[in-house]
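In my numbering, the protein residues as written are 372 to 422.
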């Protein structure tokens, strides 16, 4: 996942990482039984982000 956050001063910070999920099934369906965030990173502040 990657996330862009705009700061109050108009600048931007970009961060992200990856999820390692373990899915489990119950009577009501599938759900995430465990989630581990790996390879987390932060890049920031950035001068400008264009969509």
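Even for Gly, the Cβ is constructed at its ideal location relative to N, Cα and C.
If distances are taken between C-alpha atoms only, which option among the options comes closest to residue i?
i	options	result
residue 403	391, 386, 379 and 383	391
residue 411	389, 401 and 383	389
Going by the CB atoms, is the gap between residue j and residue i shorter than 8 Å?
i	j	result
residue 414	residue 386	yes
residue 396	residue 405	no
What residues in its chain sit with their C-beta under 6 Å from that of residue i, if we drop five residues either side in the sequence?
i	result
residue 377	383
residue 373	387
residue 379	none
Go through its chain and collect everything with a Cβ distance to residue i's Cβ below 8 Å, but skip five positions before and after it.
i	result
residue 375	383, 384, 385 and 420
residue 401	394 and 395
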